[in-house]
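> Structure provided below as structure tokens; questions to follow.
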Amino acid sequence: MAAEQATVAEQEYLETMFWIDEAGLPMTGANIARAMQLSAPTVHEMIGRLVKDGYVERNKDKSLAFTEDGRERASYIVRRHRMIERFLTDVLNIPWDEVHEEAERIEHAMSPVLEERMREAIGDATTCPHGHPIVEGIRERGSLLADCEIGADVIVLRFENEAEELLHYLKDAGYNPGLHGKVSESDDDHVTIHGDDGEDRVVSRSVAETVSVRADPAPAPRAAIPEQLVLSSDRYGR
Numbered sequence: 000m001a002a003e004q005a006t007v008a009e010q011e012y013l014e015t016m017f018w019i020d021e022a023g024l025p026m027t028g029a030n031i032a033r034a035m036q037l038s039a040p041t042v043h044e045m046i047g048r049l050v051k052d053g054y055v056e057r058n059k060d061k062s063l064a065f066t067e068d069g070r071e072r073a074s075y076i077v078r079r080h081r082m083i084e085r086f087l088t089d090v091l092n093i094p095w096d097e098v099h100e101e102a103e104r105i106e107h108a109m110s111p112v113l114e115e116r117m118r119e120a121i122g123d124a125t126t127c128p129h130g131h132p133i134v135e136g137i138r139e140r141g142s143l144l145a146d147c148e149i150g151a152d153v154i155v156l157r158f159e160n161e162a163e164e165l166l167h168y169l170k171d172a173g174y175n176p177g178l179h180g181k182v183s184e185s186d187d188d189h190v191t192i193h194g195d196d197g198e199d200r201v202v203s204r205s206v207a208e209t210v211s212v213r214a215d216p217a218p219a220p221r222a223a224i225p226e227q228l229v230l231s232s233d234r235y236g237r
């Protein structure tokens, strides 16, 4: 299935909408506009194009849903993006907090031959460097770090917001997917994981709202709050 049948602009929207749906947030024009940092009229116009081209449909409550073709295309676009990120990190040794935007620049101009070579190069990798599944359907729901109680044993699953400056923040704070430790502090301003290596890793509570973890005891799972869709000067990173 070739995503090239959709325009580059449509692919960008489908990618964003896939993330919103995957994260458990309502797939609405308002959330798309917030995620892409675009005006409501601009988003409304593009949604009209996506409906006309058969990628999405409007529900009675004005929310949106993928058509079968739209979900297939969106899933492929996201899978390709995450595969490129893994290739850039594992094969080219580009730091994981820098590959999201690089993948954005590469993905729309990549030939099928290069794509196949990249897939071979990453071997049996199942996630992007930020913890998101490359193949749809293997995503562990997890809980948000901000909801975990003090003393909870946690393993970082993924970073829900992949905006580059936020990834820089997380890396500088010592976070990475797979990090294991215990929640040692949690208040209105900050959350701290005391890692197995004895180091404390502190992030703001707003950032903890975007870090998914496997926790014991586990709080009820929920989507990252919509306000956390925008945490940077750039658009929301998918």
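Read the sequence shown against numbering that gives the first Met the number 0 and you will find it ends at 237, with the numbers running on by one and no gaps. Just so you know, even glycine gets a beta-carbon here, dropped at the ideal spot from N, CA and C.
Among all the DSSP beta bridges, which residues are the ones paired with residue 17?
For residue 17, which the question treats as bridged, DSSP gives no partner whatsoever.
> Does DSSP classify residue 105 as helix, strand or coil?
In this structure, residue 105 counts as helix in the three-state DSSP scheme.
> Thinking C-beta only, is residue 211 closer than 8 Å to residue 159?
In this structure, residue 211 lies closer than 8 Å to residue 159 by Cβ.
> Would you check if the region 169-185 and the region 91-104 touch, i.e. whether three or more CB-CB distances between them fall below 8 Å?
The answer is yes - the region 169-185 touches the region 91-104, with three or more Cβ pairs under 8 Å.
> Ends of the alpha helix (DSSP H) at residue 77?
Run containing residue 77: 67-89, per the alpha helix (DSSP H) assignment.
> Decide if residue 38 is buried, meaning its Cβ has at least 16 other Cβ atoms within 10 Å, or exposed.
Exposed, because fewer than 16 other Cβ atoms sit within 10 Å of the Cβ of residue 38.
> Compute the distance between the beta-carbons of residue 151 and residue 199, then report whether it is under 8 Å.
No; because the gap between Cβ atoms is not below 8 Å, this pair is not in contact.
> Which residues does DSSP list as the beta-bridge partners of residue 132?
Answer is 126, bridged to residue 132.
> Is it buried or exposed, residue 33, if we count other Cβ atoms within 10 angstroms and call 16 or more buried?
So residue 33 counts as buried.
> Just to confirm the assignment: which complete beta strand (DSSP E) runs, minimum length 3, are found wholly within the region 155-205?
List check, beta strand (DSSP E) in window: 179-185, 189-194 and 199-203.
> Measure from the alpha carbon of residue 77 to the alpha carbon of each residue in 182, 207, 6 and 15, then state which is nearest.
Looking at the Cα atoms, 15 is the closest of the given residues.
> What do you get for residue 24, buried or exposed, if any count of 16 or more other CB atoms within 10 angstroms of its CB means buried?
The residue is buried, with at least 16 neighbouring Cβ atoms inside 10 Å.
> Any contact of the region 109-127 with the region 187-202, i.e. 3+ C-beta pairs under 8 Å?
Counting Cβ pairs under 8 Å, fewer than three are found: no touch.
> Exposed or buried, what is residue 10 when buried is set at 16 or more other beta-carbons lying within 10 Å of its beta-carbon?
When all chains shown are included, residue 10 counts as buried.
> In the DSSP assignment, find the alpha helix (DSSP H) that holds residue 119 and state where it starts and stops.
Here the alpha helix (DSSP H) through residue 119 covers 111-120.
> Rounded to whole angstroms, what is the Cα-Cα separation between residue 155 and residue 149?
Cα-Cα distance, rounded: 15 Å.
> Does the region 107-115 touch the region 123-139, meaning 3 or more C-beta pairs lie closer than 8 Å?
No, because fewer than three Cβ pairs between the region 123-139 and the region 107-115 fall closer than 8 Å, the two stretches do not touch.
> Among all the DSSP beta bridges, which residues are the ones paired with residue 211?
Note: residue 211 sits in a beta bridge opposite 143 and 157.
> Just curious, the alpha helix (DSSP H) that residue 44 is in, first and last residue?
Taken as a continuous stretch (DSSP letters only), the alpha helix (DSSP H) holding residue 44 covers 39-51.
> Enumerate in chain order the residues of its own chain whose CB-to-CB distance from residue 221 is below 6 Å, with the five nearest sequence positions on each side excluded.
Taken in chain order, the list of residues that qualify is empty.
> Might you give, ordered along the chain, the residues of its own chain that have their beta carbon closer than 7 Å to the beta carbon of residue 1, omitting 5 neighbours on each side?
Residue confidence for residue 1 is low, a pLDDT of 44 falling below 50, so the modelled location carries little weight; the figure read from the coordinates is stated next. For residue 1, where only same-chain residues beyond five positions count, there are no Cβ hits under 7 Å.
> Give the straight-line distance between the Cα atoms of residue 125 and residue 133, rounded to the nearest whole angstrom.
Spanning the two alpha carbons is a distance of roughly 6 Å.
> Using three-state DSSP, classify residue 29 as helix, strand or coil.
Helix.
> Which whole-angstrom value describes the C-beta separation of residue 26 and residue 73, a residue pair presumed to lie in contact below a C-beta threshold of 8 Å?
Not confirmed; about 11 Å, so no contact.
> Going by DSSP in three states, residue 0 sits in which element: helix, strand or coil?
Low local confidence applies: a pLDDT of 46 at residue 0 is under 50, so the model's placement there is unreliable, and no value is given.
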